[in-house]
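Okay, so the sequence shown: first residue is 1 according to the UniProt record's numbering, each after it adds one.
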Amino acid sequence: MSTAGSLYVIGLGPGDPKMLTEQAKIALRQSQVVIGYQGYFASVQDIVQEKECIALPLTQETQRAQVAVDRALQGEAVCVISSGDAGIYGMASLVLEVLEQRTANVPCPEVAVVPGVSAVNACASLLGAPIGHDFAVISLSDLLTPWELIEKRLKAAAEADFITVLLNPKSIRRHWQYGRAQEILAEHRAPETPVGLVRNAYRSDQSVTTTTIAHMTEPMVDMLTTVIVGNSQTRCWQSRMVTPRGYPVAETP
1 MSTAGSLYVI GLGPGDPKML TEQAKIALRQ SQVVIGYQGY FASVQDIVQE
51 KECIALPLTQ ETQRAQVAVD RALQGEAVCV ISSGDAGIYG MASLVLEVLE
101 QRTANVPCPE VAVVPGVSAV NACASLLGAP IGHDFAVISL SDLLTPWELI
151 EKRLKAAAEA DFITVLLNPK SIRRHWQYGR AQEILAEHRA PETPVGLVRN
201 AYRSDQSVTT TTIAHMTEPM VDMLTTVIVG NSQTRCWQSR MVTPRGYPVA
251 ETP
(Lines of atoms letter the chains of each structure in order from A and count residues from 1; the text may use other names and numbers.)
(Lines give C-alpha, C1' and ligand atoms only; values in the text may rest on other atoms or scores of the structure.)
Protein backbone atom coordinates (compact mmCIF):
# COMPACT_ATOMS: atom_id res chain seq x y z
CA MET A 1 0.00 0.00 0.00
CA SER A 2 1.31 3.46 -0.86
CA THR A 3 1.87 6.06 1.88
CA ALA A 4 -1.20 7.86 0.54
CA GLY A 5 -3.38 4.86 1.29
CA SER A 6 -5.66 2.98 -1.09
CA LEU A 7 -9.08 3.62 -2.53
CA TYR A 8 -11.49 1.03 -3.92
CA VAL A 9 -14.75 1.87 -5.64
CA ILE A 10 -16.84 -1.27 -5.91
CA GLY A 11 -20.16 -2.39 -7.34
CA LEU A 12 -22.25 -4.57 -5.03
CA GLY A 13 -24.51 -5.90 -7.76
CA PRO A 14 -28.33 -5.88 -7.52
CA GLY A 15 -28.47 -6.71 -3.80
CA ASP A 16 -28.32 -10.50 -3.59
CA PRO A 17 -25.12 -11.38 -1.67
CA LYS A 18 -24.57 -14.33 -4.02
CA MET A 19 -24.05 -11.87 -6.88
CA LEU A 20 -21.23 -10.00 -5.14
CA THR A 21 -18.02 -10.75 -7.03
CA GLU A 22 -15.01 -12.32 -5.34
CA GLN A 23 -12.92 -9.30 -6.29
CA ALA A 24 -15.40 -7.03 -4.49
CA LYS A 25 -15.29 -9.25 -1.39
CA ILE A 26 -11.49 -9.05 -1.32
CA ALA A 27 -11.58 -5.25 -1.63
CA LEU A 28 -14.06 -4.99 1.25
CA ARG A 29 -11.98 -7.29 3.47
CA GLN A 30 -8.82 -5.28 2.78
CA SER A 31 -10.46 -1.94 3.59
CA GLN A 32 -10.42 -0.19 6.94
CA VAL A 33 -13.19 2.29 6.11
CA VAL A 34 -16.32 1.62 4.05
CA ILE A 35 -18.39 4.53 2.76
CA GLY A 36 -21.81 4.46 1.09
CA TYR A 37 -25.54 5.00 1.28
CA GLN A 38 -27.07 3.28 4.33
CA GLY A 39 -29.18 0.94 2.22
CA TYR A 40 -26.10 -0.52 0.56
CA PHE A 41 -24.63 -1.99 3.76
CA ALA A 42 -27.27 -4.66 4.38
CA SER A 43 -26.03 -7.08 1.71
CA VAL A 44 -22.41 -6.96 2.96
CA GLN A 45 -23.02 -6.71 6.70
CA ASP A 46 -21.16 -9.94 7.43
CA ILE A 47 -18.03 -8.56 5.75
CA VAL A 48 -18.03 -4.98 7.09
CA GLN A 49 -19.39 -5.40 10.63
CA GLU A 50 -15.93 -5.02 12.21
CA LYS A 51 -14.95 -2.04 10.05
CA GLU A 52 -15.62 1.67 10.29
CA CYS A 53 -18.76 2.22 8.21
CA ILE A 54 -19.73 5.75 7.17
CA ALA A 55 -23.29 6.04 5.84
CA LEU A 56 -24.35 9.22 4.09
CA PRO A 57 -27.86 9.71 2.66
CA LEU A 58 -28.96 9.96 -0.94
CA THR A 59 -28.16 13.35 -2.54
CA GLN A 60 -24.85 13.43 -0.62
CA GLU A 61 -22.84 11.57 -3.25
CA THR A 62 -20.26 14.37 -3.49
CA GLN A 63 -19.75 14.33 0.26
CA ARG A 64 -19.20 10.55 0.14
CA ALA A 65 -16.52 10.97 -2.51
CA GLN A 66 -14.82 13.80 -0.59
CA VAL A 67 -14.73 11.85 2.67
CA ALA A 68 -13.35 8.80 0.86
CA VAL A 69 -10.55 10.77 -0.77
CA ASP A 70 -9.74 12.56 2.51
CA ARG A 71 -9.38 9.29 4.38
CA ALA A 72 -7.33 7.66 1.62
CA LEU A 73 -4.97 10.65 1.56
CA GLN A 74 -4.50 10.16 5.30
CA GLY A 75 -3.06 6.73 4.56
CA GLU A 76 -6.07 4.51 5.15
CA ALA A 77 -7.53 1.73 3.02
CA VAL A 78 -10.93 3.03 1.94
CA CYS A 79 -13.80 1.43 0.04
CA VAL A 80 -16.70 3.31 -1.58
CA ILE A 81 -19.68 1.07 -2.32
CA SER A 82 -22.30 1.47 -5.06
CA SER A 83 -25.24 -0.67 -6.04
CA GLY A 84 -24.98 -2.44 -9.38
CA ASP A 85 -21.76 -1.52 -11.16
CA ALA A 86 -19.84 1.44 -9.73
CA GLY A 87 -18.94 2.69 -13.20
CA ILE A 88 -22.51 2.70 -14.59
CA TYR A 89 -24.41 5.60 -13.04
CA GLY A 90 -22.42 4.83 -9.89
CA MET A 91 -19.79 6.47 -7.70
CA ALA A 92 -16.67 5.70 -9.73
CA SER A 93 -16.65 8.77 -11.97
CA LEU A 94 -17.36 11.15 -9.09
CA VAL A 95 -14.66 9.64 -6.86
CA LEU A 96 -12.11 9.90 -9.67
CA GLU A 97 -13.11 13.51 -10.36
CA VAL A 98 -12.60 14.46 -6.71
CA LEU A 99 -9.33 12.53 -6.64
CA GLU A 100 -8.16 14.36 -9.77
CA GLN A 101 -8.79 17.72 -8.08
CA ARG A 102 -7.22 16.80 -4.76
CA THR A 103 -4.01 15.11 -5.96
CA ALA A 104 -2.60 17.64 -8.40
CA ASN A 105 0.37 18.28 -6.08
CA VAL A 106 0.30 15.33 -3.68
CA PRO A 107 0.87 11.58 -4.06
CA CYS A 108 -2.20 9.78 -5.40
CA PRO A 109 -3.55 6.79 -3.46
CA GLU A 110 -3.62 3.38 -5.05
CA VAL A 111 -6.98 3.31 -6.87
CA ALA A 112 -9.07 0.41 -8.18
CA VAL A 113 -12.58 0.39 -9.64
CA VAL A 114 -14.09 -3.05 -9.04
CA PRO A 115 -16.90 -4.04 -11.43
CA GLY A 116 -20.25 -5.41 -10.30
CA VAL A 117 -23.37 -6.88 -11.90
CA SER A 118 -25.33 -3.87 -13.15
CA ALA A 119 -29.10 -3.44 -13.18
CA VAL A 120 -28.93 -3.78 -16.95
CA ASN A 121 -27.32 -7.24 -16.79
CA ALA A 122 -29.44 -8.45 -13.90
CA CYS A 123 -32.76 -7.38 -15.38
CA ALA A 124 -31.89 -8.61 -18.86
CA SER A 125 -31.11 -12.08 -17.49
CA LEU A 126 -34.52 -12.30 -15.83
CA LEU A 127 -36.20 -11.38 -19.11
CA GLY A 128 -34.25 -13.91 -21.21
CA ALA A 129 -32.02 -12.35 -23.86
CA PRO A 130 -33.40 -8.91 -24.70
CA ILE A 131 -30.03 -7.16 -25.17
CA GLY A 132 -28.45 -9.70 -27.51
CA HIS A 133 -27.61 -6.94 -29.99
CA ASP A 134 -26.65 -3.26 -29.87
CA PHE A 135 -28.40 -1.39 -27.09
CA ALA A 136 -28.52 2.03 -25.43
CA VAL A 137 -28.99 2.75 -21.73
CA ILE A 138 -30.73 6.02 -20.88
CA SER A 139 -31.69 7.41 -17.49
CA LEU A 140 -34.92 9.39 -17.51
CA SER A 141 -33.89 11.32 -14.41
CA ASP A 142 -33.34 14.99 -15.25
CA LEU A 143 -31.84 15.78 -11.86
CA LEU A 144 -28.32 16.04 -13.34
CA THR A 145 -29.08 15.99 -17.08
CA PRO A 146 -31.42 18.46 -18.85
CA TRP A 147 -34.57 16.83 -20.22
CA GLU A 148 -33.86 18.32 -23.65
CA LEU A 149 -30.66 16.26 -23.84
CA ILE A 150 -32.40 13.11 -22.57
CA GLU A 151 -35.09 13.49 -25.22
CA LYS A 152 -32.43 14.00 -27.90
CA ARG A 153 -30.77 10.73 -26.86
CA LEU A 154 -34.11 8.90 -26.81
CA LYS A 155 -34.87 10.03 -30.34
CA ALA A 156 -31.41 9.00 -31.57
CA ALA A 157 -31.70 5.53 -30.00
CA ALA A 158 -35.20 5.07 -31.40
CA GLU A 159 -34.23 6.17 -34.91
CA ALA A 160 -31.17 3.87 -34.91
CA ASP A 161 -33.25 0.84 -33.82
CA PHE A 162 -31.26 0.33 -30.61
CA ILE A 163 -32.70 -1.88 -27.91
CA THR A 164 -33.34 0.79 -25.28
CA VAL A 165 -32.93 0.33 -21.54
CA LEU A 166 -34.66 2.97 -19.43
CA LEU A 167 -33.39 3.57 -15.91
CA ASN A 168 -35.05 5.77 -13.27
CA PRO A 169 -38.24 5.84 -15.35
CA LYS A 170 -40.59 7.52 -12.89
CA SER A 171 -40.65 9.07 -9.42
CA ILE A 172 -43.17 10.94 -7.30
CA ARG A 173 -41.95 14.24 -8.73
CA ARG A 174 -41.21 12.96 -12.24
CA HIS A 175 -44.33 11.37 -13.68
CA TRP A 176 -44.68 12.58 -17.29
CA GLN A 177 -41.22 11.76 -18.66
CA TYR A 178 -41.87 8.03 -18.93
CA GLY A 179 -44.98 8.62 -21.02
CA ARG A 180 -43.04 10.96 -23.26
CA ALA A 181 -40.33 8.30 -23.68
CA GLN A 182 -43.00 5.84 -24.80
CA GLU A 183 -44.26 8.33 -27.39
CA ILE A 184 -40.78 8.83 -28.83
CA LEU A 185 -39.98 5.11 -29.01
CA ALA A 186 -43.41 4.26 -30.44
CA GLU A 187 -42.76 6.56 -33.38
CA HIS A 188 -40.09 4.10 -34.56
CA ARG A 189 -41.41 0.74 -33.25
CA ALA A 190 -44.41 -1.42 -34.02
CA PRO A 191 -47.09 -1.37 -31.25
CA GLU A 192 -46.47 -5.07 -30.52
CA THR A 193 -42.73 -4.59 -29.88
CA PRO A 194 -41.90 -6.50 -26.66
CA VAL A 195 -41.08 -4.55 -23.51
CA GLY A 196 -39.82 -6.01 -20.24
CA LEU A 197 -40.19 -4.38 -16.83
CA VAL A 198 -38.17 -5.66 -13.88
CA ARG A 199 -38.49 -4.26 -10.37
CA ASN A 200 -35.99 -5.07 -7.62
CA ALA A 201 -34.09 -7.69 -9.58
CA TYR A 202 -32.80 -10.58 -7.44
CA ARG A 203 -34.41 -9.26 -4.27
CA SER A 204 -37.20 -10.71 -2.16
CA ASP A 205 -39.89 -8.51 -3.74
CA GLN A 206 -38.70 -8.98 -7.32
CA SER A 207 -41.30 -8.66 -10.09
CA VAL A 208 -40.90 -9.37 -13.81
CA THR A 209 -43.47 -8.26 -16.38
CA THR A 210 -43.54 -8.50 -20.15
CA THR A 211 -45.79 -6.27 -22.21
CA THR A 212 -45.65 -4.31 -25.47
CA ILE A 213 -44.66 -0.80 -26.37
CA ALA A 214 -48.34 0.08 -26.80
CA HIS A 215 -49.07 -0.87 -23.18
CA MET A 216 -45.75 -0.19 -21.41
CA THR A 217 -47.18 2.66 -19.32
CA GLU A 218 -49.95 0.51 -17.83
CA PRO A 219 -47.95 -1.58 -15.28
CA MET A 220 -46.68 0.14 -12.12
CA VAL A 221 -43.29 1.73 -12.74
CA ASP A 222 -41.03 3.57 -10.27
CA MET A 223 -37.39 4.33 -9.52
CA LEU A 224 -36.74 0.68 -8.67
CA THR A 225 -37.93 -0.46 -12.12
CA THR A 226 -35.75 -1.09 -15.17
CA VAL A 227 -37.53 -1.03 -18.52
CA ILE A 228 -36.10 -2.79 -21.58
CA VAL A 229 -37.68 -1.90 -24.91
CA GLY A 230 -36.86 -4.29 -27.75
CA ASN A 231 -35.74 -3.33 -31.24
CA SER A 232 -37.52 -4.19 -34.48
CA GLN A 233 -36.23 -7.79 -34.33
CA THR A 234 -37.03 -8.57 -30.68
CA ARG A 235 -39.70 -11.20 -30.08
CA CYS A 236 -41.25 -13.04 -27.15
CA TRP A 237 -40.86 -16.78 -26.63
CA GLN A 238 -42.31 -18.57 -23.60
CA SER A 239 -42.60 -15.29 -21.67
CA ARG A 240 -38.99 -14.46 -22.49
CA MET A 241 -37.68 -11.68 -24.68
CA VAL A 242 -35.22 -12.70 -27.40
CA THR A 243 -33.28 -10.30 -29.61
CA PRO A 244 -31.45 -12.21 -32.37
CA ARG A 245 -27.77 -11.48 -32.81
CA GLY A 246 -27.99 -12.45 -36.47
CA TYR A 247 -26.44 -15.91 -36.46
CA PRO A 248 -28.05 -18.44 -38.83
CA VAL A 249 -30.13 -20.96 -36.90
CA ALA A 250 -30.22 -24.37 -38.58
CA GLU A 251 -33.58 -26.11 -38.65
CA THR A 252 -33.86 -29.45 -36.90
CA PRO A 253 -33.95 -32.30 -39.47
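We put the beta carbon where it would ideally sit given N, CA and C, even for glycine.
Using a Cβ-Cβ cutoff of less than 6 Å, which residues in the same chain neighbour G92 once the five nearest sequence positions on both sides are dropped?
The residue asked about is misnamed: residue 92 is Ala in this sequence, not Gly. Closer than 6 Å at Cβ, skipping near neighbours: V9, A86 and V113.
Could you tell me the alpha carbon to alpha carbon distance between A27 and S139, rounded to whole angstroms?
Those two C-alpha atoms are separated by around 29 Å.
Helix, strand or coil for S118? Go by DSSP, reduced to three states.
coil
Which residues does DSSP list as the beta-bridge partners of V80?
Paired residues: V9 and I35.
Given this structure, state the Cα-to-Cα distance separating D16 from R203, to the nearest angstrom.
6 Å
Going by other Cβ atoms of all chains shown within 10 Å of its Cβ, with 16 needed for buried, is L99 buried or exposed?
buried
Ends of the alpha helix (DSSP H) at E52?
That residue, E52, is in no alpha helix (DSSP H); its beta strand (DSSP E) goes E52 to A55.
Tell me whether L20 sits in a helix, a strand or coil according to DSSP, three-state version.
coil
In whole angstroms, what is the alpha-carbon distance linking V33 and T59?
CA-CA distance, V33 to T59, rounds to 21 Å.
What does a CB cutoff of less than 7 Å around G128 pick up in its chain, not counting 5 residues either side in sequence?
R240, M241 and V242
Taking DSSP as the reference, what is the three-state secondary structure of R199?
strand
Please confirm if the stretch 153-165 is in contact with the stretch 193-201, defined as three or more CB-CB distances below 8 Å between the two stretches.
no
In whole angstroms, what is the alpha-carbon distance linking T62 and G90?
12 Å
Sort A160, K25, P14 and E52 by Cα distance to Y40 and report the nearest one.
P14
At what residue ranges does the stretch 152-229 contain a whole run of the beta strand (DSSP E), taking only runs of 3 or more?
163-167, 194-199, 207-212 and 225-229
Could you please give the first and the last residue of the uninterrupted beta strand (DSSP E) stretch that includes I88?
Per DSSP, I88 belongs to no beta strand (DSSP E) and is neither H nor E.
Is the beta carbon of G75 less than 8 Å from the beta carbon of G116?
no
Thinking just about the alpha-carbon of each residue, which of E52, G36, I54 and L12 is nearest to the one in S43?
L12
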